[in-house]
Every structure is written in C-alpha cells, then in structure tokens.
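*Asks:* Pasting in a structure now, in structure tokens, and then I'll have a few things to ask.
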Amino acid sequence: MNDINIIVDENIFHSVPTPDMSYGIWAIFGIGLMLLVCILLGFFSRKKAKSFEAFLSGHNDIGPVITGLALGATWLSGWATLGMMGVTYQVGWSGMWFGGMWTIIGVMPCLFFTGEKMQMYAQKFGARTVSDALGIRFDSRIVQSLSALVMIFFMILYAVGQFKAGATIWYAVTGLPAIWCLLLAGLIVFIYMIVGGYTGTQWSLALQGALLGIGCFILGIVALNFVGGPSALNMKLAAENPALTDLIRRDLPSVGNTQLFSSPVGILATLFIFLTMATGFPHNVARFLGMRKLNKKDYMLITLMVFLVAGPPIFLNAITGLCSRAVFGPHLLDVKPWKADLAAPFLSIVAGGKPVTTLYVVGVFAAALSTLSAMVMVMAGNVTRDIIHVWRPNMSHNTLLKLTKVFIGIFLLIPFYWTFKRPPALLAIFMGYASIGLGGIFIFCTAFSFYWKRATAFGAVLCMVYGVIATLIGSIFVTKGKIGMGTLEFIVLIGCGFVYFFGSLVTKPLPQEKLKKLFGGENV
Amino acid sequence: MNNWSAWWLIVIASTLFTVLGLFLRIRGWKNE
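These protein sequence lines map, in sequence, to chains W and U. Position 165 (the first sequence) corresponds to 164 in numbering that gives the first Met the number 0; numbering is contiguous. Position 13 (the second sequence) corresponds to 12 in numbering that gives the first Met the number 0; numbering is contiguous.
Following this line, the structure appears as structure tokens:
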C-alpha cells in the first residue's frame with residue numbers, strides 16, 4: 000500500500016518489542032488452561048455422541064445463553080481479534096469500515112432471520128448440516144451436494160486465516176521462527192479437535208466467545224489509556240501522517256483492495272460484505288441446528304449474548320489498531336512475514352504487560368480455535384452427510400462417522416500446509432475474498448429461500464455457480480489493480496441476486512403440498 | 000465528520016439496530 004512519505008521525528012515512537020520466551024510461558028499457561036477447561040466442559044456437558052447425526056449437531060436441547068455466546072465465537076475469528084487491528088494499524092481510521100465496525104449490523108440479521116428457521120429445519124425435518132437444510136428446502140440432492148462443495152471451497156481460504164492468526168500470536172510472545180510458530184498453532188488446534196472439543200461443542204464455543212470478548216475489551220481500554228485518550232490518539236496519528244486520521248483515505252489507489260479505504264463505493268461495499276457474510280457463513284448458521292425452541296425471554300437473552308460478545312469488544316478493536324500505530328509508527332510493517340497483524344499483540348505487551356497480554360492471547364486463540372473447529376466440523380460433515388451419504392445412502396452410519404473424523408484431519412492439514420507455503424500478507428484482505436463469495440451466494444440460497452416460496456433449485460444452483468466464478472475471476476482483477484475490491488463485492492452480490500431470482504422465476508416451484516410443509520399455512 | 004463522532008455514531012446505530020430488531024422480532028411472539 001502506498002503511504003505518503005513524510006519525514007517524521009522517529010523519537011516519538013516506542014521501540015518495537017523484542018519477543019522473548021517470558022511472555023511465551025505465560026501464553027502457554029493461559030492457553031493450556033483454556034484448553035483444559037474446554038476439554039472438561041466437553042467431557043461433562045456433552046451427551047456422548049454415538050450416532051452419526053448426534054456427532055454432527057447434538058440433540059436439539061441447547062439454551063439461548065450458550066447458543067448466543069457460541070454464535071459470537073464462530074462469527075468472530077482471527078479477523079476480528081487480530082486482523083481488524085492490522086487493518087486500522089496499516090491505513091488508519093479509514094480502515095475501521097472494513098475492519099469490523101459493521102459487526103453487529105452483520106450478525107443480528109443472521110440471528111433474527113435464520114435462527115428460528117434453522118432450528119425448525121433441524122427439529123421438524125432432521126437437518127444436520129446447513130446443506131442438509133438446503134437439500135430439504137429445495138427437495139434437491141444436487142443443491143445439497145453443490146452447496147457443500149461451495150462451502151468447503153471458501154472455508155478453506157478462511158481457515159488459512161485462522162492458522163496465520165494463531166502463528167502470529169506465537170511469534171509475538173516467543174519470537175521463534177515462522178515455521179515453529181505455525182507448527183505450535185497447528186499443534187494446539189489438533190489437540191483441541193482430537194482430544195476434547197473436536198465436535199466443536201457449543202459449550203466450548205460459548206466459553207471461547209466469553210474469553211475473546213473479555214480479552215479484546217480489556218485490551219481496547221488499556222490501549223486507549225496508554226496513548227492518553229481519544230484526542231491524544233488523533234494528535235499522535237496526525238503527527239506521523241495526517242491521512243491516518245481521515246475517514247476516507249483519498250490518497251490511496253481507488254482500485255485493488257485499497258478501494259475499501261479510499262472511495263465511497265469501497266466503504267459502502269464493506270457494509271454489504273458484513274451484512275451478507277454473517278448469514279452466509281454456514282458455521283454461524285449451523286449454531287442453531289442444536290438449539291432448543293426458544294420462548295420470548297430466551298430470545299432476549301440470546302440477542303443480549305450475541306451483542307455483548309460481538310459488539311463492544313469489536314468496536315474497541317478498531318481503536319486498539321489505531322493506538323498501535325500511534326505507539327509504534329509504521330515500524331511493525333518491517334517485521335516479516337507478520338507485519339501489520341502484529342499491531343495488537345505487540346501493543347498488549349507494551350501497554351498491558353503480562354496479565355493483559357495473556358488474556359488477549361487466550362482471546363485470539365479462543366476466536367481462531369472456535370471458528371476453525373466449527374468450520375472444520377462443517378466441512379467434514381459436508382463431505383460425509385451432504386455428498387457421500389446423499390449419493391450412497393446405504394453406507395453404514397458407523398462408516399460415515401469414522402469417515403467424518405478422517406475428514407476432520409484432512410481439512411485441518413490443507414489450510415495448515417497452505418499457510419506454511421504462502422502465508423497471506425494482511426489477514427483481513429485475504430479473508431475478505433472468502434467472505435464476499437460465501438456471503439453473496441448464501442444470503443440468497445439460505446436466508447431468502449427460507450422466506451421466498453418461489454425460490455427453486457435451479458435458481459440456487461445458478462447463484463452458486465455464478466458466485467464462485469465471479470469471486471475467483473474478480474479476485475484476480477482486484478489483485479492486478481483492474482477493479483476495486485468493493486466493486487467486486489457488488490459484482491458478486493448483485494449478480495448472485497439476479498441469477499437467483501431469474502433462475503427461480505423461469506422454473507417451476509416446488510409442489511404446493513411440499514411448500515405447505517416447509518412454510519406452514521401462511522402465504523409468503 | 001470527526002472520526003470519533005463517526006465511531007460513536009456506528010456504536011449507537013448498532014445498539015439501536017439490535018434493540019429495534021429484537022422488538023420487532025418478539026412482538027406478537029406466542030410462547031408454546
């Protein structure tokens with residue numbers, strides 16, 4: 000990214016910390032403790048999942064507090080707890096739009112519009128995965144299997160981001176070479192998935208949701224206090240480069256990924272990215288599959304839980320990244336390959352010392368682990384339930400259960416190897432592509448289809464095919480600087496919507512009787 | 000607009016969005 004070169008008095012910046020093992024030992028202790036509690040929680044709370052179905056999504060008996068915290072945990076990932084600070088660190092205030100300020104505007108519609116529907120598909124029709132629910136909705140095995148493939152494709156990209164987040168944290172607290180940091184991160188995920196919480200139980204996810212909320216919130220307050228409060232923050236940023244305080248950085252190119260910071264089109268696109276991705280993420284929507292039917296009070300509780308985890312801590316993350324820029328100046332960009340993503344971990348070391356750093360590190364791991372494990376579960380279930388089982392219904396459930404576990408290993412190894420070979424430069428940008436694809440496709444195929452009776456399998460298939468192709472080709476154009484990343488969001492979203500509605504309207508809807516079962520008696 | 004004002008505006012708008020959404024969602028809710 001092109002930063003204007005301004006001669007700055009280097010003495011105003013704090014020196015970049017040199018990581019040593021003293022923080023690593025605290026981090027190991029904190030993360031170890033979290034893993035232990037997760038494993039114990041999984042052990043005591045989980046009814047043993049003997050059947051293939053129960054392994055995938057539990058027993059439809061989980062309450063609103065746990066479901067709400069778990070949704071917060073899967074929604075927020077390495078992007079929210081690390082990548083977001085990386086963005087505001089790198090470009091200043093204009094990064095907050097893409098960094099995650101739309102978090103609540105994004106996640107609440109997921110809860111309001113898909114929660115109850117998903118719960119109904121699980122309880123009434125026995126849906127065990129999101130693709131399963133889509134297969135039932137469209138009465139189509141092709142939709143079920145194709146959606147599974149599309150989800151796997153995009154989620155592998157997203158999983159790469161989680162590994163980088165874990166590895167970055169290890170570098171910040173130990174200073175070990177990149178490969179060791181990545182191995183450490185991979186090892187922890189592996190232990191977590193295999194020993195204790197590998198079913199991604201809602202209880203472990205809920206604990207992780209609470210931890211990441213507390214960790215980020217405290218770091219935000221400490222960081223702002225460290226730089227001397229709101230106006231001091233702006234003064235320090237302006238002293239380095241006045242453009243850092245701009246809400247739109249017009250000095251950056253308006254094509255490529257910088258469009259998200261430099262033009263109104265790009266900034267408007269960030270709102271749509273967040274609005275569609277929360278509902279488009281299958282690992283979010285899957286949280287409702289194991290939920291019990293809610294009453295009014297339950298509904299208020301689940302909303303409060305999601306707000307507490309996904310709201311204030313994440314709003315503060317934008318500020319943490321800015322504080323880091325004010326403290327270190329641009330010098331973190333020189334620390335390869337981690338660069339801007341070190342903004343928050345290094346600031347926690349300088350401003351908060353060992354207790355805050357440990358809490359924050361545990362929070363990042365909680366966020367990355369919860370998202371990654373939920374995604375790996377969704378991907379493994381997609382293969383066995385929505386692809387193999389659909390086309391080979393006679394295969395024994397025991398074999399399917401074993402196969403699911405094998406695929407958990409495979410879907411952990413692929414992103415691990417990818418991160419090892421080619422770690423993405425800036426987490427949020429990399430994960431943004433996956434979000435554009437998943438969000439653009441599944442906001443229609445999932446959310447709209449739950450309410451629009453006229454939607455058909457053909458419309459859904461067209462939408463998925465278009466979404467994948469447009470995101471893939473478009474991302475090449477963005478990388479080459481031909482179009483902006485915000486423009487790509489609109490190309491994907493508007494195009495997906497068009498082919499979804501067009502494809503649905505030119506084909507016959509499901510028979511009335513079937514629709515009555517799915518939608519109840521009312522006309523939609 | 001001042002950047003802190005924009006930040007507060009989104010925080011407040013998000014809170015209102017949540018409260019309003021919740022209100023609309025549970026209006027007329029039948030406990031079964």
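Just so you know, even glycine gets a beta-carbon here, dropped at the ideal spot from N, CA and C.
What in chain W is Cβ-close to Ile11/U, meaning under 9 angstroms?
*Replies:* Per Cβ cutoff of 9 angstroms: no residues; Ile11/U is ~10 angstroms from chain W at best.
*Asks:* Beta-carbon of Leu246/W versus every beta-carbon of chain U: anything under 8 angstroms?
*Replies:* Taking Cβ atoms only, chain U reaches closer than 8 angstroms to Leu246/W, which makes this a yes.
*Asks:* Using a beta-carbon distance below 8 angstroms, is Gly27/U in contact with chain W?
*Replies:* So no, Gly27/U is outside the interface.
*Asks:* Sorted by chain position, which residues of the same chain lie with C-beta nearer than 6 angstroms to Gly98/W's C-beta, five sequence neighbours on each side aside?
*Replies:* Answer for Gly98/W: Met83, Val86, Thr87 and Ala317, listed in chain order.
*Asks:* How about Phe153/W and Leu437/W: do their beta carbons lie closer than 8 angstroms?
*Replies:* Their beta carbons are under 8 angstroms apart, which means Phe153/W touches Leu437/W by this criterion.
*Asks:* Residues of the region 95 to 106 of chain W with a CB closer than 8 angstroms to any CB of chain B: list them in chain order, please.
*Replies:* No chain B appears in this structure, whose protein chains are W and U.
*Asks:* Could you tell me if Thr128/W is buried or exposed, where buried requires 16 or more neighbouring beta carbons within 10 angstroms of its beta carbon?
*Replies:* Per the 10 Å Cβ criterion, buried.
*Asks:* For Phe415/W, which residues from the same chain have a beta carbon less than 7 angstroms from its beta carbon, with the 5 sequence-adjacent residues on both sides left out?
*Replies:* Phe162 and Gly185.
*Asks:* How would you label Arg324/W, buried or exposed, when you count the other beta carbons within 10 angstroms and need 16 or more for buried?
*Replies:* Arg324/W comes out buried.
*Asks:* Nearest chain U C-beta to Trp390/W closer than 8 angstroms, yes or no?
*Replies:* It does not; no Cβ of chain U falls within 8 angstroms.
*Asks:* Check this for me: beta carbons of Met117/W and Val284/W, under 8 angstroms apart or not?
*Replies:* Going by C-beta atoms, Met117/W is nearer than 8 angstroms to Val284/W.
*Asks:* Does the count of Cβ pairs from the region 354 to 369 of chain W and the region 199 to 213 of chain W closer than 8 angstroms reach three?
*Replies:* Touching, yes.
*Asks:* Going by alpha carbons, who is nearest to Arg136/W out of Ile151/W, Phe419/W and Met119/W?
*Replies:* Ranking Ile151/W, Phe419/W and Met119/W by Cα distance to Arg136/W puts Met119/W first.
*Asks:* For the ligand NAD, any of its heavy atoms closer than 7 angstroms to the Cβ of Ile409/W?
*Replies:* For the ligand NAD, the structure offers nothing, since it holds no ligand at all.
*Asks:* Quick one: what does DSSP say Met100/W is sitting in, helix, strand or coil?
*Replies:* In this structure, Met100/W counts as coil in the three-state DSSP scheme.
*Asks:* Measuring only the C-alpha atoms, how far is Gly380/W from Ile104/W?
*Replies:* Approximately 29 angstroms between the Cα atoms of the pair.
*Asks:* Are the CB atoms of Phe327/W and Val90/W within a distance shorter than 8 angstroms?
*Replies:* No, the Cβ-Cβ distance between Val90/W and Phe327/W is not below 8 angstroms.
*Asks:* Hey, is Leu21/U's beta-carbon within less than 8 angstroms of any beta-carbon in chain W?
*Replies:* Judged by the 8 angstroms Cβ criterion, Leu21/U is in contact with chain W.
*Asks:* Which residues, in order along the region 289 to 309 of chain W, keep a beta-carbon less than 8 angstroms from a beta-carbon of chain U?
*Replies:* Cβ contacts with chain U: Lys292, Asn294, Lys295, Tyr298, Met299, Thr302 and Phe306.
*Asks:* Measure the C-alpha to C-alpha separation of Phe364/W and Asp333/W and round it to an integer number of angstroms.
*Replies:* Answer to the nearest angstrom: the Cα atoms are 24 angstroms apart.
*Asks:* Smallest Cα separation from Pro18/W: which of Lys513/W, Leu461/W and Thr356/W?
*Replies:* For the residues Lys513/W, Leu461/W and Thr356/W, the minimum Cα distance to Pro18/W belongs to Thr356/W.
*Asks:* Whole angstroms are fine: how far does the CA of Ala147/W sit from the CA of Leu509/W?
*Replies:* The alpha-carbon atoms of Leu509/W and Ala147/W are separated by roughly 21 angstroms.
*Asks:* Taking Cβ positions only, does Asn240/W come closer than 8 angstroms to chain U?
*Replies:* Taking Cβ atoms only, chain U never reaches closer than 8 angstroms to Asn240/W, which makes this a no.
*Asks:* For a contact defined as C-beta to C-beta under 8 angstroms, what are the partners of Asn316/W on chain U?
*Replies:* Residues of chain U passing the Cβ test: none, with the nearest at roughly 12 angstroms.
*Asks:* First and last residue of the alpha helix (DSSP H) that includes Ala285/W?
*Replies:* Premise fails: Ala285/W is in no alpha helix (DSSP H) and is neither H nor E.
*Asks:* Would you kindly work out how many angstroms separate the C-alpha atoms of Leu23/U and Cys109/W, rounded to a whole number?
*Replies:* Cα to Cα, the separation comes out at about 15 angstroms.
*Asks:* Got a sec, what are the start and stop residues for the alpha helix (DSSP H) Pro312/W sits in?
*Replies:* That run of the alpha helix (DSSP H) goes Pro311 to Phe327.
*Asks:* In chain U, which residues lie less than 8 angstroms from Pro252/W when you measure between Cβ atoms?
*Replies:* The contacting residues do not exist; Pro252/W stays about 21 angstroms from chain U at best.
*Asks:* Count the CB pairs spanning the region 491 to 508 of chain W and the region 463 to 483 of chain W that are closer than 8 angstroms, and state whether there are at least three.
*Replies:* Verdict: yes, contact present.
*Asks:* Chain U beta carbons: is any one of them nearer than 8 angstroms to that of Pro414/W?
*Replies:* So no, Pro414/W is outside the interface.
*Asks:* Report the three-state DSSP secondary structure of Gly255/W (helix, strand or coil).
*Replies:* Gly255/W: strand per DSSP, three-state reduction.
*Asks:* If I measure Cβ to Cβ from Tyr428/W and keep anything under 6 angstroms in the same chain, skipping five residues before and after, which residues do I get?
*Replies:* Per the sequence presented here, residue 428/W reads as Ile, with Tyr not at that position. Here the set comprises Asn256.
*Asks:* Between Pro281/W and Val389/W, is the Cβ-Cβ spacing less than 8 angstroms?
*Replies:* No; because the gap between Cβ atoms is not below 8 angstroms, this pair is not in contact.
*Asks:* Taking its Cβ as the centre, do 16 or more other Cβ atoms sit within 10 Å of Arg248/W, making it buried, or is it exposed?
*Replies:* By the 10 Å Cβ count, Arg248/W comes out buried.
*Asks:* Touching or not, the region 167 to 187 of chain W and the region 23 to 32 of chain W, by the rule of three or more beta carbon pairs under 8 angstroms?
*Replies:* At 8 angstroms Cβ cutoff, the stretches touch.
*Asks:* Along chain U, which residues have their Cβ under 7 angstroms away from the Cβ of Trp92/W?
*Replies:* Going along chain U in sequence order, the residues near Trp92/W (Cβ under 7 angstroms) are Asn2.
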